[in-house]
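A.B. asks: Got a structure for you, questions after.
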Amino acid sequence: MNPNDTSARPDTPGVDRREFLRVSGALAAGGALLSAGCQVPQEATVPFHDMPENLVDGIGPARFFHTVIDGTPVAVKTREGRPVLITPRADDASGRGLTVRHQASLMDLYDPDRARGPVSVRRGGGALVESSWAGLSPDVVSRLKAAGPKAVLLTGPVASPAVADAIAGITGRTGARHVVWAPLEADAAPEAWKLAFGNARVARPRLEKADLIVGLGAEFMDRPGDGLERDFALRRSPDQADGVRMSRFVQFEGRLTLTGANADRRIRVRDSHLGRIAAALAHELIVVRKLGPLASDPEAGKALAAFAIDAVAVQAGLDARVLKAVADELAAAPGRSIVIAGGSACASASGPAIELAALLLNVTLGAIDAGLFEPAAAIDAVSGTGAALAALAADMLAGKVDLLILAGVNPVYDAPAFATASAGLSPATFTFADALARVGYVVSMNDRLDETSRIADVLLPASHPFECWSDAALPRGLFAIQQPVIQPLFDTRGLLDTLVEWAAGAGDPAAQAAVAAAAAALAKPPVPVTAAPAASPNPAWHYLRAGWAARLPAAPATPAFEAAWNELLRAGQWPAPAAIPVTADKTKADKPAAKPGKVPAATVPAIAPRALALLGAIAPAGGTAAGLELQLYPHFALADGRSGNNGWLNELPDPITRITWGGALSIAPRRFDEMKLANGDLVEVDAGHAKIIAPAYRHAGMHYDQVALPLGLGRVACGVIGDGIGPNAFPLRILAGGRLVSAGLSVSIRKAAGNEPLALAQGSEVIDRDRRPIVPATTLSAYEKNRTSGTEQEEGGRSIWPVHEYAKTRWAMAIDLSKCNGCGKCVIGCQAENNIPVVGRAGMLDRRPMSWMRIDRYYDAPKKDGRWDVEVWDGPLAVVEEPQTLFEPMLCQHCENAPCETVCPFVATMHSADGLNQQVYNRCVGTRYCANNCPFKVRRFNFWEYGKKQESAFFRWLVPRIRRAADLNTRAPMQMKNNPEVTVRSRGVMEKCSFCIQRIRAAGAQATRDGKTKEHFPDGAVVPACMEACPTGAITFGDVNNPGSRVASMAAHPRAMRLLDAVGVKPSISYLTKVRHDKA
Amino acid sequence: MTRPEASPYATVMDDGQLTGRPIVVAGAGPYGGDVEVPEPLVTGGKKWADVDRDICMHAEQFPTKRWWIAFSVALAFLGVLVVSLITLFYAGMGILGVNSPVGWGSFIINFVFWIGIGHAGTLISAVLYLFRQQWRTGINRAAEAMTLFAVACAGIFPIIHLGRPWFAYWLVPYPNARGPLWVNFNSPLAWDIFAISTYGLVSLTFWYVGLLPDLATVRDRATHPWRKALYNALSFGWTGSHRAWRHYESAYLILAGLATPLVFSVHTIVSFDFATSVIPGWHTTIFPPYFVIGAIFSGFAMVITLMTFMRGYFGMKHYITLNHMELMAKILMFTGMMVGFAYSTEFFMAWYSGSEWEGFIFKNRAFGPYGWAYAIMFTCNAIIPQLFWFRPLRRNTWVLFAISILVNVGMWFERYVIVVTSLHRDYLPSSWGMYALTRWDYAILAGSFGLFFTLFLLFVRVLPVVAISEVKSVMDPTIARSAPTRAAAAAIQEG
């Protein structure tokens, strides 16, 4: 009998083979199910009941949504229902620009320190108690009704018409007050415009139309939310089409800002002198040269009489010829020049005067007549919130407030000290926390137990804008819908949801209707997914749609309305260009972009004479004002600090100081050296009413009499990541004349004991471009003589390596340094797209950054007699009083002869057939030879395990840094931010910029599906994350082998320079010269 | 000093009587002139039997208290190494000082340092053998052992410096199922694998072949049967026949011929790790000779350090005489001058090349933030050995010992200067940074010395530390042939 024949064995007892397999398979499956049921915690996910065919996690198309964050339209990319990337809307018509904070708000969404649900705080002792919406929210309604006019709703500026309506619904029914607090809102411009024109509709300048821009402490790149830096960049290329000249930018400022660093000429003036300088320019043009409509105005002449250019120049310590030269330039470009103020410098006592002087200059130069300001009716600028908060605080202290509801504001952290109303009280000032203690019941609707919430009574946590419905009024008469892109991660509710519910409770009929509709939707049985979308059980959705019914062309509850609504959600903006038929009666807002040209002169109202009185306050007092003054400026990334727990923002280097994870007191190099300080030495700043200790930083380009501190740091209750970083400078601000003053503050500084090392993102900063030609830069006059000027460098020799052959595509990048302003949005874009961890302050101090992209900021060493002033080779120069700033985005250069490729013994980095320098994480064993041999030092090594926690408690104890790395990167739900298209790298491997290879390969797959494998990729087929995030279009990516591509023409441009030719690495990235407009 | 009647040239001298100069025998020449006779290589009037006893004694006695103390210290440092490595593997490279511009730190410094030390042994045993330098017999065994242990120490570092050391075997090119994953033969790190493993293997073979007759001597003297069996196996059943000796001598000569080019190739290839890169300060053609001579320099310094111990603690004064020490001091001085010349040449070339990057890096090297390291390197390596121009200093063991230590400090800093100063400021100033060792770096450096000395102390306990058969061949038969000293005779009788 064949022993292998199992079929015919009648004697075999029990089961046969098939039976055995069947039973054991069932047992295994059952065991797996049981053990899974026993061990895996239950998750509130909704699995696919019927798995769609071909759906694999991380594979397949992403979804994109249009929504709004803080009144700024954005596009959100989601994978598997998770937002993973925030990008600017390419077709946004509102003119708004993203800030890095908008981009990084993805991390805010997944912030593990957000409140997970309603909390009863029990102020004044007692532990926190977790509660529920059902338990706390109705109670607030009854308290609202009971408190009546003694209830106050304190919010940030309300950009959403729906939220404003809901608030009105509450205040209208209960008599509660609504107070707005905006810690960083600029008051000066609205005040000046209101005095001059009768309304606070501050017009937006159109920088793309101006030949000459004069900035008076302008900060449009430091605070880029209004998109001006994009307009500015449109005119910054020296090769303008149609004979349009490159624009020239002259900036007056005391602190070297990002904006000033991009100026063609920068003139150092301390903040408190800016108003006089502006008035002196106005005097020169209006009184001396008799230009413009105001020349014949005796009032103006009288008000400006005190500001003769010579006297003002002496006071400011300037040469009068410098000012006259600027006046000459302005006078030579009437109708083509624009004067802009604003920024931190205008938050001084003389801020409105600066704005008014700018206004006088713009009127004189005909900037408004010539259409250099947008004529569209802008939204009223928010102003006076400091005074409103002071009044509220006084009421609270006096016991006149029974119920305080806070939403999205943190005044305990960011309000200044208030003066008590009646003199003689001790102490003479009180804080917002003092006032809060006298309020009967405090409800916080912030997103976490922050400084304010933790001394409130209850925290009803608000959802992230990505989790809830709302809308926003945008500039240029546009509106946008804030649509949720993910279910709330925690037990939180959108602000509008809560407000609608309370308004309904208070008796507002619209809100009641919405709540009823939502309840009805909830009661209905679930509808199959395939049918038309069901009504939402969300009151905010009903409320919003009811509000929008007035704008949309069709009546509610009709198919036409649903179609219009869906189209609105898709377009994200209303009126959407060509998407929704715009009826004439609904939109009076004209579209400025489509209507260039002159605005009739009659539209420019005369400046009211009473506005001129502002100038009286800043009239020169004779002699030079002595003493040191302080400017408080919003932290570049963190702004007012509300995203203080965001690792991306904390780790983004300040574009000028290059400080990460904190901030420092900026001191002029000369004063810094006189005080014998070193970077990081602690310094006490005494403003009289408050003192603060901060590390010192040697800030090139600072005015000698000015120091500066960033606001937005020093949070103490924002979370594990951001607590205790840097000093909190908000208490140094004062309220004067109803305005928040944060510049021109008189201070004294002295050295304190100790040193707190600054986590600088850059090693050295001064270069001698003759010796190290690593940033192509030139001046316009040199460029017009020689188009290759600025790209001179030592040429490389012959290579012994064989050249790479490219069958079709060779990917390459070009970066126009004339357009790059160094804002760092590409850095955040790259970090989000490529799952790049943050390394924390300790990691930055260790010089182990992980960012694949960085913006190098160099100071071009000043020349004297054709020689360099000082030895450049040893770190910072002895004195850099007036540096020429150069920005250079630095990322993997994808060299043709990559030195990393030859030295890796494991072949973990190699050249691809389409010109990429690829890094294969699986193969990498981590010799770090490639990083050493990289002349650009763009390779990043995973010194720690950032992607997951170290399991062993012993090693977490032995090496505390492991714990910190986990805190920064791996606490749930932070992993949800990860882009599934990109590997999360493990410890011990090298990584670097991949040119967003995931997007390249996706485009390749698409080309294959479309049957276009033989053709070159068209421009725009692949847009890497940095290019996508760049507001100014400085980065161009594409196939350099495609003769028609933009990148090919840029790589062949005379301005193009590939770095370090002498080394022979042959980079794929071309840098186009930074051209400074030096012609007056 | 006595001179037996049998031969006018045979001289019995004690270690203290050595002068380093030849003995002038007046009127002894064939035509009545003076004859200069070199001083004996073995002092103290040792007989052949004395040699066996003196050298095998350490492997036969119970260890002394002094040995135990030394061994426990070395073992403690080895423990530090083990603990540090476990932490390193669990926690990751983050615990070390390496960072973004300075991707290589103490581990590569230690690697080159130990490989350099490993140069002297094979040089002494092979090159000096081919050049018929008979004085090598006193020191070659210990020097070769030192080489092996230094290579063992060096071999650890390229593995532990990897981000994922558990994949280190991927560096070995053999047909595999990982793709197959093949190594990149363009990479100097792949060359290192071949250079170092070849060198280690040939050195081990050479050392072991030299040991065979001596292992047989230990076997012959052994009384315990197990011991006899063990050493018999280790000596491959050496019989001492003429045939065996003839084959042995041929094999030894061939191996010496094979080992000689390796002395020069290993460090040449190690220097390619740096020289083939594009980093200013690394990318220089002088590196191969510069590294080789530096390695010989540091190796000899380490030999002097060890021989001082052997003379002092293990009573080897009669075999490793002051004359030996002086000869090594001369080599140290000569190689020190070559190293100094290399340093100067680098500077000249940096200036002469006209390369801005090159010029900067050398200026920065000597006068930048790591100028102190450069000063230590230059002083210890190029200036201090110049003291050996003075005979009294060459013959003073304390001075020799101190200088040998200083030279090795200097040579460690030479590698520190090359690795750190070149990397910390290269092309783009934005990525400039500084490097500092962490406590774990220090612990692993100290631990590597623990490993080295543990192995060396075990070596002196179990193997003949001086090449017995070779020493016998350089002794004057007229003295050594006579009866053993009384003490030796007594020992033989007792045995």
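Heads up: the sequence lines are chains X and V, in that order.
With the numbering used here applied, the first sequence has no gaps in its numbers, which climb one by one up to 1231 at the end.
With the numbering used here applied, the second sequence has no gaps in its numbers, which climb one by one up to 501 at the end.
Positions of the beta carbon are idealized from the N, C-alpha and C atoms, including for glycine.
These figures come from a predicted structure and were not determined experimentally.
At a cut of 8 Å, does the region 598-614 of chain X reach the region 214-233 of chain X through at least three beta carbon pairs?
C.D. replies: The region 598-614 of chain X, when compared against the region 214-233 of chain X, does not touch it at the 8 Å Cβ threshold.
A.B. asks: With a 10 Å radius around its C-beta and 16 neighbouring C-beta atoms as the bar for buried, classify GLY33 of chain V as buried or exposed.
C.D. replies: GLY33 of chain V comes out exposed.
A.B. asks: Go to GLN402 of chain X, then tell me how far its alpha helix (DSSP H) extends in each direction, as first and last residue.
C.D. replies: From DSSP, GLN402 of chain X is part of no alpha helix (DSSP H) but of the beta strand (DSSP E) over 399-404.
A.B. asks: Starting from MET1061 of chain X, trace the beta strand (DSSP E) in both directions and tell me its first and last residue.
C.D. replies: Run containing MET1061 of chain X: 1060-1062, per the beta strand (DSSP E) assignment.
A.B. asks: SER1103 of chain X CB to nearest chain V CB: under 8 Å?
C.D. replies: With 8 Å as the cut-off, SER1103 of chain X counts as an interface residue toward chain V.
A.B. asks: First and last residue of the alpha helix (DSSP H) that includes ASN238 of chain V?
C.D. replies: 231-240 is the span of the alpha helix (DSSP H), which, as asked, contains ASN238 of chain V.
A.B. asks: With a threshold of 7 Å on Cβ separation, who are the neighbours of ASN1048 of chain X within its own chain once the five nearest residues in sequence on each side are excluded?
C.D. replies: Here the set comprises SER950, TRP952, GLY1215, VAL1216, LYS1217.
A.B. asks: Cα separation between ALA705 of chain X and ALA711 of chain X?
C.D. replies: Looking at the two C-alpha atoms, the distance is approximately 6 Å.
A.B. asks: Just checking: is the beta-carbon of THR93 of chain V within a distance shorter than 8 Å of some beta-carbon in chain X?
C.D. replies: So, interface residue.
A.B. asks: Between which two residues does the beta strand (DSSP E) containing HIS424 of chain X stretch?
C.D. replies: Looking at the DSSP string, HIS424 of chain X is not in any beta strand (DSSP E); the run it does join, the alpha helix (DSSP H), is 422-433.
A.B. asks: Evaluate the contact criterion for the region 445-459 of chain X versus the region 482-490 of chain X: three or more CB pairs, one atom per stretch, below 8 Å.
C.D. replies: Short answer: they don't touch.
A.B. asks: Between the alpha carbons of LEU1119 of chain X and LEU94 of chain V, how many angstroms are there, rounded?
C.D. replies: Whole-angstrom Cα-Cα distance: 21 Å.
A.B. asks: Is SER454 of chain V closer than 8 Å to LEU221 of chain V when the C-beta atoms are compared?
C.D. replies: No, Cβ-Cβ distance for LEU221 of chain V and SER454 of chain V is not below 8 Å.
A.B. asks: Could you list which residues in chain X have their beta carbon closer than 7 Å to that of LEU261 of chain V, in chain order?
C.D. replies: Correct list: empty, because the minimum Cβ distance to chain X is about 30 Å.
A.B. asks: Looking at C-alpha atoms only, which residue of V:ILE123, V:GLY169, V:LEU207 is the closest neighbour of THR1078 of chain X?
C.D. replies: Per the Cα distances, V:GLY169.
A.B. asks: What does ILE285 of chain V touch in chain X if you count any residue whose Cβ is under 7 Å from its own?
C.D. replies: Residues of chain X passing the Cβ test: ASN1083, ASN1084.
A.B. asks: For my contact list, THR128 of chain V and PHE242 of chain V are in at a C-beta cut-off of 8 Å; report their separation, rounded to the angstrom.
C.D. replies: About 22 Å; that fails the 8 Å criterion.
A.B. asks: Would GLY947 of chain X pass as an interface residue toward chain V - the criterion being a Cβ-Cβ separation below 8 Å?
C.D. replies: So, not an interface residue.
A.B. asks: What does a CB cutoff of less than 6 Å around ARG233 of chain X pick up in its chain, not counting 5 residues either side in sequence?
C.D. replies: Excluding positions up to five away in sequence, the list reads MET1127.
A.B. asks: With DSSP as the reference, identify every bridge partner of VAL834 of chain X, one or two as the case may be.
C.D. replies: X:ALA845, X:LYS902, per the DSSP bridge assignment.
A.B. asks: Between the region 1117-1148 of chain X and chain V, which residues of the former have a C-beta closer than 9 Å to a C-beta of the latter?
C.D. replies: Within the region 1117-1148 of chain X, the residues whose Cβ lies closer than 9 Å to some Cβ of chain V are SER1137, ARG1138, GLY1139, VAL1140, MET1141, listed in chain order.
A.B. asks: My guess is that SER794 of chain X and ARG252 of chain X are in contact by the Cβ rule of under 8 Å, so how many angstroms apart are they, rounded?
C.D. replies: With a Cβ gap of about 6 Å, SER794 of chain X and ARG252 of chain X count as contacting.
A.B. asks: Against chain X, does GLU352 of chain V count as a neighbour if the rule is that its beta carbon must be under 8 Å from one of theirs?
C.D. replies: Cβ-Cβ to chain X under 8 Å: no for GLU352 of chain V.
A.B. asks: Determine, using beta carbons only, whether ALA910 of chain X and MET995 of chain X come nearer to each other than 8 Å.
C.D. replies: Yes, these two residues count as a Cβ contact at 8 Å.
A.B. asks: Counting only the same chain and skipping the five closest in sequence on each side, list residues whose C-beta sits under 8 Å from that of ARG696 of chain X.
C.D. replies: So the list reads PRO707, TRP716, once near-sequence residues are dropped.
A.B. asks: For ASN1093 of chain X, decide whether its Cβ has a neighbour in chain V, counting only Cβ atoms nearer than 8 Å.
C.D. replies: Judged by the 8 Å Cβ criterion, ASN1093 of chain X is in contact with chain V.
A.B. asks: In chain order, what residues of the same chain lie with their CB nearer than 6 Å to the CB of GLY26 of chain V, ignoring the 5 residues before and after it?
C.D. replies: The residues are ASN329, GLU332.
A.B. asks: Quick check on DSSP: helix, strand or coil for GLY161 of chain V?
C.D. replies: Of the three classes helix, strand and coil, the one that applies to GLY161 of chain V here is helix, per DSSP.
A.B. asks: Three or more C-beta pairs under 8 Å: does that hold for the region 810-830 of chain X against the region 899-906 of chain X?
C.D. replies: They touch, by the three-pair rule.
A.B. asks: Check whether the Cβ of LEU1211 of chain X lies closer than 8 Å to any Cβ atom in chain V.
C.D. replies: So, interface residue.
A.B. asks: Just reading off the alpha helix (DSSP H) that ARG821 of chain X is part of, what are its end residues?
C.D. replies: Start and end: 820-825.
A.B. asks: Mark ILE389 of chain V as exposed unless 16 or more other C-beta atoms lie within 10 angstroms of its C-beta, in which case mark it buried.
C.D. replies: So ILE389 of chain V ends up on the exposed side.
A.B. asks: Taking 8 Å as the threshold (beta carbon to beta carbon), is ARG170 of chain V in contact with chain X?
C.D. replies: It does: the Cβ of ARG170 of chain V has a partner Cβ on chain X nearer than 8 Å.
A.B. asks: If you run the structure through DSSP and keep just helix, strand and coil, what is TYR296 of chain V?
C.D. replies: Looking at TYR296 of chain V - three-state DSSP - the assignment turns out to be helix.
A.B. asks: Could you check the C-alpha separation between ASP482 of chain V and PRO46 of chain V for me, to the nearest Å?
C.D. replies: Answer to the nearest angstrom: the Cα atoms are 8 Å apart.
A.B. asks: If you measure from the beta carbon of SER915 of chain X to each beta carbon in chain V, is any gap under 8 Å?
C.D. replies: Closer than 8 Å to some Cβ of chain V, the Cβ of SER915 of chain X qualifies, so yes.
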